[in-house]
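Here's the structure, in structure tokens; my notes come after.
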Ligand SMILES: [Zn+2]
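Numbering (our numbering), first residue to last: -8 to 414.
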């Protein structure tokens, strides 16, 4: 491989600092989401950033025998660079009045909150006008400069001219964009290359906007891209070995995104039967982002009743997708709600209220999300056997009896380091 072709990610992980001392963690109970099994008095041995089979000499110990351990949680839909935007005024305020350095500081604080809530990996789906700051955050967290989760990045995310905030300002003013815009297949292909150049792990695009009900009561929207444009984005991303996440709320967006071959559907509030069938057959996951929908429906419905209606319909979509076997990956849209006001782990209770078993909800944030993301340089995600990344959380009580206990994580080990609950 030519030197210039060595990926930024490989260089980053070659330069990681020496890991913490080897660690032997004793768990009262240990959940294995992949096999849906529970072991009592289990031991997890960690060397470097990875789980290993046996304890090396000089290993330290972490006694979690009073707790139930499970693999570190994965939130597959976040925005570290956003601090709650229930209304468009709140969004505009952050993008217009806050400098990127200030936003990066707030994002670092958000990363710490996520980690302390047990989320050791996040897929961050768009920096909302802050360029590739997520790539910088990923590096700072991975190097241990600041505490934060493993970040799977997507940079600025993609839209088209006129499709995404900032909108509604005078045409005489040049306003910043919340996404990277592209128009036309060639321009969109170039936009993908540009993002890959600066180190994104995923490509995120916005497939639809302006959601409305048709006279027959079904849902539609404006598709942001022509088939040629969205096809070029997905083709170029896959050619460069990157996966594509599509914001898509309605059947209009799903048809566009699924025909182009995207790898995940984000939100999916209105899943019609054709979409459910396609996603189940092709095993395309979706992130329901229930917590953010609950957060925005009140404030947004004051000016547009569509948001209350979307909330009501999304529960039915979830139930039908779940029954049909569509993979459901845990994703909250944290950042769309304030990181310091609501805990991402609330999503578990929504999922169970909407028909999942506790095991299924836990698997969505471990096994299913890990399958979507693929392995990290530290090892496989969402598991705790030898060869898995050394990410572990511990809770008091039994999360299989009540997922509510996942909102009060007692200990966190991330990439082999004890970041909460150690002595
Ligand atoms: Zn989002």
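Ideal Cβ positions, reconstructed from N, Cα and C, are used throughout, including at glycine.
Does the distance from the C-beta atom of residue 58 to that of residue 380 stay below 8 Å?
Contact flag unset, no.
Looking only at its chain, what residues have a beta carbon closer than 8 Å to the beta carbon of residue 167, apart from the 5 residues adjacent to it on each side?
Excluding sequence positions up to five before and after residue 167, its CB lies within less than 8 Å of the CB of 86, 87, 120, 157, all in the same chain and listed in chain order.
Quick one: measure Cβ to Cβ for residue 334 and residue 108, integer angstroms, because I've assumed they're closer than 8 Å.
About 5 Å; that satisfies the 8 Å criterion.
Contact between the stretch 267 to 279 and the stretch 245 to 255 (3+ Cβ pairs under 8 Å):
Verdict: yes, contact present.
With respect to 7 Å, is the separation between the Cβ of residue 329 and the closest non-hydrogen atom of ligand 1 below this value?
No, Cβ of residue 329 sits at least 7 Å from all heavy atoms of ligand 1.
In the DSSP assignment, find the beta strand (DSSP E) that holds residue 168 and state where it starts and stops.
Judged by DSSP secondary structure, residue 168 falls outside any beta strand (DSSP E); it is assigned neither H nor E.
Could you tell me whether the Cβ of residue 403 comes closer than 8 Å to any Cβ of chain C?
In the structure shown, chain C cannot be found, because there is only a single protein chain.
Taking 7 Å as the cut-off, is the C-beta of residue 116 nearer than that to any heavy atom in ligand 1?
Result yes, Cβ under 7 Å from ligand 1.
If I follow the unbroken alpha helix (DSSP H) through residue 309, where does it start and stop?
Residues 297 to 315.
Which of the three DSSP states, helix, strand or coil, is assigned to residue 118?
Correct three-state label for residue 118: coil.
Quick check on residue 309: buried or exposed, where buried means 16 or more other Cβ atoms within 10 Å of its Cβ?
By the neighbour-count rule (16 or more Cβ atoms within 10 Å), residue 309 is buried.
Taking DSSP's pairing of strands, which residues face residue 420 in a bridge?
One cannot answer for residue 420 here, as it falls past the ends of the chain, which runs -8 to 414.
Measuring CB to CB, does residue 235 end up less than 8 Å from residue 196?
Between residue 235 and residue 196, the CB-CB gap stays under 8 Å.
DSSP state of residue 347 mapped onto helix, strand, coil:
DSSP, reduced to helix, strand and coil, places residue 347 outside both helices and strands of the structure shown, so it counts as coil.
Going by DSSP, which residues form a beta bridge with residue 211?
DSSP lists 203 as partners of residue 211.
Counting only the same chain and skipping the five closest in sequence on each side, list residues whose C-beta sits under 6 Å from that of residue 411.
These residues qualify, in order along the chain: 107, 402, 403.
Anticipated Cβ contact below 8 Å, residue 132 with residue 122, distance rounded:
Actually they do not touch by this definition, with Cβ atoms about 18 Å apart.
Whole alpha helix (DSSP H) elements within the stretch 124 to 180, 4-residue minimum:
Runs of the alpha helix (DSSP H) inside the stretch 124 to 180: 124 to 133.
Cut-off 7 Å between Cβ atoms - residues of its own chain near residue 11, not counting five sequence neighbours on either side:
Correct list, in chain order: 407, 408.
The alpha helix (DSSP H) that contains residue 286, what's its start and end?
Counting along the chain, the alpha helix (DSSP H) containing residue 286 begins and ends at 281 to 292.
Which of the three DSSP states, helix, strand or coil, is assigned to residue 5?
Note that residue 5 scores a pLDDT of 46, beneath 50, so its modelled location is shaky; the value from the coordinates is reported in the next line. If DSSP states are grouped into helix, strand and coil, residue 5 belongs with the helices.
Could you check if residue 495 is buried or exposed, using at least 16 other CB atoms within 10 Å of its CB as the buried criterion?
This structure gives no information on residue 495, because the portion of the chain shown stretches from -8 to 414.
Can we count residue 163 as close to ligand 1, meaning its CB is less than 7 Å from some heavy atom?
For ligand 1, no non-hydrogen atom lies closer than 7 Å to the CB of residue 163.
What span of residues does the alpha helix (DSSP H) with residue 87 cover, start to end?
Start and end: 79 to 88.
Skipping 5 residues on each side, what residues in its chain have a beta carbon closer than 6 Å to that of residue 239?
Closer than 6 Å at the Cβ level, and outside the excluded window around residue 239, lie 198, 199, 245, 248, 256.
Have a look at the DSSP bridge pairing and note the partners of residue 274.
According to DSSP, which records beta bridges pairwise, residue 274 is partnered with nothing at all.
Straight-line gap, residue 242 to residue 15 (C-alpha atoms, nearest Å)
A direct Cα-Cα distance of roughly 49 Å separates residue 242 from residue 15.
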